[in-house]
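Trainee: Here it is, the structure in full.
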Amino acid sequence: MNGTSRKRQSLRRSLPPAKSGSGPKAAKKAKTSLGHPERRFPTLDSGVILTFGQGDVGQLGLGPDVMERGRPTLVPKLDDLTDMCAGGMHTICLNKNGEVSSFGCNDEGALGRDTSEEGSETEPGLVSLPGVVVQITAGDSHSAALLEDGRVFAWGSFRDSHGTMGLTLQGGEKKPIELVTGTVIVKIASGADHLVMLTEDGQMQTVGCGEQGQLGRVSERGADRMSRQGMVNLLVPGPVPFKPTKKPEFVDIWTATYGTFAKDKNNHIYVFGLNNYNQLGLKEQRTHFHPSVSGPLSLHDWSQISGGQHHTLALDTSGQVYSLGRKEYGRLGLGENCEDVAEPALITAFKDKKVVDISCEGNVSYAVTDDGEVYSWGMGSNMQLGMGDEDSDLWVPTKIRGKALENKLVKSVSAGGQHTVILASDPSAKPATAAKSAIPNGRAKKAAEPKKASEPKKESEPEAALETETATDSKSPTEPEEPMDTDETEKEEKKSDDEEKKDSADK
Numbered sequence: 001m002n003g004t005s006r007k008r009q010s011l012r013r014s015l016p017p018a019k020s021g022s023g024p025k026a027a028k029k030a031k032t033s034l035g036h037p038e039r040r041f042p043t044l045d046s047g048v049i050l051t052f053g054q055g056d057v058g059q060l061g062l063g064p065d066v067m068e069r070g071r072p073t074l075v076p077k078l079d080d081l082t083d084m085c086a087g088g089m090h091t092i093c094l095n096k097n098g099e100v101s102s103f104g105c106n107d108e109g110a111l112g113r114d115t116s117e118e119g120s121e122t123e124p125g126l127v128s129l130p131g132v133v134v135q136i137t138a139g140d141s142h143s144a145a146l147l148e149d150g151r152v153f154a155w156g157s158f159r160d161s162h163g164t165m166g167l168t169l170q171g172g173e174k175k176p177i178e179l180v181t182g183t184v185i186v187k188i189a190s191g192a193d194h195l196v197m198l199t200e201d202g203q204m205q206t207v208g209c210g211e212q213g214q215l216g217r218v219s220e221r222g223a224d225r226m227s228r229q230g231m232v233n234l235l236v237p238g239p240v241p242f243k244p245t246k247k248p249e250f251v252d253i254w255t256a257t258y259g260t261f262a263k264d265k266n267n268h269i270y271v272f273g274l275n276n277y278n279q280l281g282l283k284e285q286r287t288h289f290h291p292s293v294s295g296p297l298s299l300h301d302w303s304q305i306s307g308g309q310h311h312t313l314a315l316d317t318s319g320q321v322y323s324l325g326r327k328e329y330g331r332l333g334l335g336e337n338c339e340d341v342a343e344p345a346l347i348t349a350f351k352d353k354k355v356v357d358i359s360c361e362g363n364v365s366y367a368v369t370d371d372g373e374v375y376s377w378g379m380g381s382n383m384q385l386g387m388g389d390e391d392s393d394l395w396v397p398t399k400i401r402g403k404a405l406e407n408k409l410v411k412s413v414s415a416g417g418q419h420t421v422i423l424a425s426d427p428s429a430k431p432a433t434a435a436k437s438a439i440p441n442g443r444a445k446k447a448a449e450p451k452k453a454s455e456p457k458k459e460s461e462p463e464a465a466l467e468t469e470t471a472t473d474s475k476s477p478t479e480p481e482e483p484m485d486t487d488e489t490e491k492e493e494k495k496s497d498d499e500e501k502k503d504s505a506d507k
């Protein structure tokens, strides 16, 4: 759409000031013996997606006339979905046949398909790929797909502080292009402008913007596209280096807006990228260009980590959620009187619940419980919290309600730049199960008994990284209230009813 590129730059698409890092969904089980990770929700049959937030460039998938939605709204023409991912201003979906659909902003090719027909970008359309897709991921203006044979295809463009970088040395790509050859990939993860790939032998490859250290293999000088190596350093995928004799074997990867997390076979968490609010769990509030072991993050057994720009959510194997980083707007979910947090702090609002999925982006956070409910907290602008017309910030997790959610079980959630997508199924489907670690077949270890949230695991000696740091002790946040119920007051009931009537009229 005309004018979208200019608007994209005004949102958050340039790098943050000095004091100022999307989790991808795990792949479904491959049909080959190459060792691909299992699907995130093995009990989920096919489902549908619902969207809310801003939709002025079609990222809600509701057609050219829908500019915003305050509560979850069903996206038509899509069913049998097994996964979805919200990018900066676009959305991609995966169905049970391994086919990918996309909608939203296509200025830089993030949709991977032709949208020359007016309005075609605002509704779902198929992306042509040369095989069955098992995992998808999306950043600000790029998308990627992992095929069941271990190949990775991507489309769109990366950006840095100078503007559009392109996706490869040939420039931006409007259609899917294979990124690496001769290497079997088992999982992918996208930050705002970088892509991380986990190889079959437990190593990482990265590509994209490296200005905030998110590639883990490029120095501060080398991250400048004007440097001697130029774009070759950035747009040619390369391995994250470790000493040959002390090379860790990784079993899972996740990303933040400007950062990367990697879990090795001993449950140590390696991190690199922007850490100006301790969002990586490192002591020094600076950019880290090479891998470091996060001591605080390595004290827990995580099934999922999701990073925003200045904060991080982490889900442990017992279904409890922790947060760390910047407190503003309530994004940590620790209550209104909390301070910035330098190491994982338990979100006690979920102490009597089991969480199965998390997502965060910018100033907002989300969690899905095993009984099919979805909660949001953080900045209330852009209608991205799903509370209707209410624009107040939420400092504790608050249940999202709406007519379109009736008789549905929410399975997963994905936060985009100004919109959010949830995947839901019929109540007849089995409840969601916790996200599985992407441990390739043949390297899987016997699962440990879930640990109590208050009893972090003992830290064993990590294999040496290029840097090793731990965070300082953080202040104890004030214990928040129980999860809020948006129907507790007559005012909220009226707003919900008004919105539901509006949704019904629009359908």
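In terms of full-length UniProt numbering, the sequence shown opens at residue 1 and continues consecutively.
Don't be surprised by glycine CBs; every beta carbon is placed ideally from N, CA and C.
Work out the CA separation of LEU405 and LEU50 for me, nearest whole Å.
Mentor: By one-based count along the sequence shown, residue 50 stands at place 50. By one-based count along the sequence shown, residue 405 stands at place 405. The straight-line gap from Cα to Cα measures roughly 9 angstroms.
Trainee: Would ILE269 pass as a contact of SER298 if the rule is Cβ separation under 7 angstroms?
Mentor: In the sequence shown, the residue the question calls residue 269 occupies position 269. In the sequence shown, the residue the question calls residue 298 occupies position 298. Their beta carbons are under 7 angstroms apart, which means ILE269 touches SER298 by this criterion.
Trainee: Compare the Cα-Cα distances from PRO237 to each of THR181, ARG225, LEU274 and report the closest residue.
Mentor: Here residue 237 corresponds to residue number 237 of the sequence shown, with the count starting at 1. Of the candidates THR181, ARG225, LEU274, the one whose C-alpha sits nearest the C-alpha of PRO237 is THR181.
Trainee: If we count Cβ pairs, one from each stretch, closer than 8 angstroms, do we get three or more for the region 210 to 228 versus the region 269 to 283?
Mentor: At 8 angstroms Cβ cutoff, the stretches touch.
Trainee: In its own chain, which residues sit with a C-beta less than 8 angstroms from the C-beta of LEU169, not counting the 5 before and 5 after it?
Mentor: If you number the sequence shown from 1, residue 169 lands on position 169. Contacts found: MET231, VAL232, LEU235, VAL236.
Trainee: Assess, as a yes-or-no matter, whether the region 335 to 346 is touched by the region 372 to 384 under the definition of 3 or more beta carbon pairs within less than 8 angstroms.
Mentor: The region 372 to 384 vs the region 335 to 346: no contact.
Trainee: Starting from VAL410, follow the beta strand (DSSP E) in both directions and report where the run begins and ends.
Mentor: As a first step, residue 410 must be located in the sequence shown, where it is residue number 410. VAL410 -> beta strand (DSSP E) spans 409 to 415.
Trainee: Using the Cα positions of PRO176 and LYS351, report the straight-line distance between them to the nearest angstrom.
Mentor: If you number the sequence shown from 1, residue 176 lands on position 176. If you number the sequence shown from 1, residue 351 lands on position 351. In a straight line, the C-alpha of PRO176 is about 43 angstroms away from that of LYS351.
Trainee: Let me confirm a value: ARG221 is counted as buried when at least 16 other C-beta atoms fall within 10 Å, else exposed. Which label applies?
Mentor: Against the sequence shown, residue 221 aligns to sequence position 221. Answer is exposed; the Cβ neighbour count stays below 16.
Trainee: Could you tell me the boundaries of the alpha helix (DSSP H) in which ASN233 lies?
Mentor: Along the sequence shown, one-based indexing puts residue 233 at 233. 231 to 235 is the extent of the alpha helix (DSSP H) around ASN233.
Trainee: Could you tell me the boundaries of the beta strand (DSSP E) in which residue 516 lies?
Mentor: Past the boundaries of the shown model lies residue 516; the chain is included only from 1 to 507, so the question cannot be answered.
Trainee: Just mark GLY104 as buried or exposed, buried being the case when its beta carbon has 16 or more other beta carbons within 10 Å.
Mentor: As a first step, residue 104 is located in the sequence shown; it is residue number 104 there, counting from the start. The residue is buried, with at least 16 neighbouring Cβ atoms inside 10 Å.
Trainee: DSSP on MET383, reduced to helix/strand/coil?
Mentor: Indexing the sequence shown from 1 puts residue 383 at position 383. MET383 falls in the helix class under three-state DSSP.
Trainee: Report the residue ranges of all beta strand (DSSP E) runs contained in full by the UniProt repeat "RCC1" (267 to 318); include only those spanning at least 3 residues, in chain order.
Mentor: Whole beta strand (DSSP E) segments, 3+ residues: 269 to 274, 287 to 294, 302 to 307, 311 to 316.
Trainee: Relative to the C-alpha of ALA256, which residue among ASP193, GLN285, GLY333, ARG225 is closest?
Mentor: One-based indexing of the sequence shown puts residue 256 at position 256. Of the listed residues, the one whose Cα sits closest to ALA256 is ASP193.
Trainee: Between which two residues does the beta strand (DSSP E) containing ASP357 stretch?
Mentor: Counting from 1 along the sequence shown, the entry for residue 357 is found at position 357. Start and end: 355 to 361.
Trainee: Is the CB-CB distance between LYS187 and LEU179 below 7 angstroms?
Mentor: Reading the sequence shown from its first residue, position 187 is the one you call residue 187. Reading the sequence shown from its first residue, position 179 is the one you call residue 179. Cβ atoms of LYS187 and LEU179: not closer than 7 angstroms.
Trainee: Leaving out five residues on either side along the sequence, give the residues of the same chain with a beta carbon under 6 angstroms from the beta carbon of PRO124.
Mentor: Reading the sequence shown from its first residue, position 124 is the one you call residue 124. Here the set comprises GLY61, LYS77, LEU78, SER101, PHE103.
Trainee: Near SER504, which residues of its chain fall below 8 angstroms by C-beta distance, leaving aside the five closest residues on each side in sequence?
Mentor: Residue mapping note: residue 504 aligns to position 504 of the sequence shown, counting from 1. Confidence at SER504 is low in this model, with a pLDDT of 44, below 50, so its placement is unreliable and the value that follows should be read with caution. If we look at SER504 and ignore the five residues flanking it on each side, its Cβ neighbours are LYS403.
Trainee: Identify, in the order they occur along the chain, each residue of the same chain with its Cβ nearer than 8 angstroms to the Cβ of ARG443, setting aside the five sequence neighbours on each side.
Mentor: Here residue 443 is taken as the residue at index 443 of the sequence shown, counted from 1. At ARG443 the pLDDT is 33, less than 50, meaning the model places this residue with poor confidence; the figure from the coordinates comes in the next sentence. So the qualifying residues of the chain are GLY35, GLY202, GLU249, VAL251, LYS265.
Trainee: What span of residues does the beta strand (DSSP E) with MET165 cover, start to end?
Mentor: The residue you call residue 165 lines up with position 165 of the sequence shown. Segment 163 to 166, the beta strand (DSSP E) holding MET165.
Trainee: From the DSSP output, in three-state form, read off ALA342 for me.
Mentor: For the purposes of this step, residue 342 is taken as the residue at position 342 of the sequence shown. Three-state DSSP puts ALA342 in a strand.
Trainee: Could you check the C-alpha separation between TRP302 and PRO296 for me, to the nearest Å?
Mentor: Counting from 1 along the sequence shown, the entry for residue 302 is found at position 302. Counting from 1 along the sequence shown, the entry for residue 296 is found at position 296. Going by the C-alpha atoms only, they are around 12 angstroms apart.
Trainee: Mind reading off the beta-carbon distance from LEU74 to THR82? Whole number of angstroms is fine, and I expect it under 8 angstroms.
Mentor: Counting from one through the sequence shown, the residue named residue 74 turns up at place 74. Counting from one through the sequence shown, the residue named residue 82 turns up at place 82. With 8 angstroms as the limit, LEU74 and THR82 do not qualify as a contact, their Cβ atoms being about 17 angstroms apart.
Trainee: Quick one: does ALA342 have its CB under 7 angstroms from some CB of chain B?
Mentor: Chain labels in this structure do not include chain B; a single protein chain is all it has.
Trainee: By Cβ distance, which residues of its chain are closer than 8 angstroms to MET165, with the 5 residues on each side in sequence left out?
Mentor: Position 165 of the sequence shown holds residue 165. Around MET165: SER157, PHE158, ARG159, ASP193, GLY208, CYS209, ARG225, MET231, LEU234, LEU235.
Trainee: How is the beta strand (DSSP E) around LEU147 delimited, first residue to last?
Mentor: For the purposes of this step, residue 147 is identified with residue 147 of the sequence shown, where counting begins at 1. 142 to 147 is the extent of the beta strand (DSSP E) around LEU147.
Trainee: If you run the structure through DSSP and keep just helix, strand and coil, what is PHE103?
Mentor: Residue 103 sits at position 103 when you count from the first residue of the sequence shown. PHE103 falls in the strand class under three-state DSSP.
Trainee: Exposed or buried, which one is HIS310 when buried takes at least 16 other CB atoms within 10 Å?
Mentor: Here residue 310 refers to the residue found at position 310 of the sequence shown. So HIS310 counts as buried.
Trainee: State the DSSP-derived secondary structure class of PRO239, mapped to helix, strand or coil.
Mentor: Position 239 of the sequence shown holds residue 239. Three-state DSSP puts PRO239 in a strand.
Trainee: Mapping DSSP to helix, strand and coil, what is PRO176?
Mentor: Stepping through the sequence shown from its first residue, residue 176 is reached at position 176. The answer is strand: DSSP assigns PRO176 an E or B state.
Trainee: So, helix, strand or coil for GLY87, using DSSP?
Mentor: On the sequence shown, position 87 is the one that residue 87 refers to. Coil at GLY87, not helix or strand.
Trainee: Compare the Cα-Cα distances from GLN59 to each of ASP391, LEU334, GLN384 and report the closest residue.
Mentor: Taking the sequence shown and counting its residues from 1, one reaches residue 59 at position 59. Among ASP391, LEU334, GLN384, the Cα nearest to that of GLN59 belongs to GLN384.
Trainee: Which stretch, first to last residue, makes up the beta strand (DSSP E) that contains ASP391?
Mentor: By 1-based counting over the sequence shown, the position of residue 391 is 391. ASP391 -> no beta strand (DSSP E), and no H or E assigned at all.
Trainee: Looking only at its own chain, which residues have a Cβ that is under 7 angstroms from the Cβ of LYS353, when we skip the five neighbours before and after it?
Mentor: Within the sequence shown, the letter at position 353 stands for residue 353. These residues qualify, in order along the chain: THR369.
Trainee: Excluding five sequence neighbours on each side, which residues of the same chain lie with their C-beta closer than 8 angstroms to the C-beta of GLY63?
Mentor: As a first step, residue 63 must be located in the sequence shown, where it is residue number 63. Cβ within range, chain order: GLY119, THR122, GLU123.
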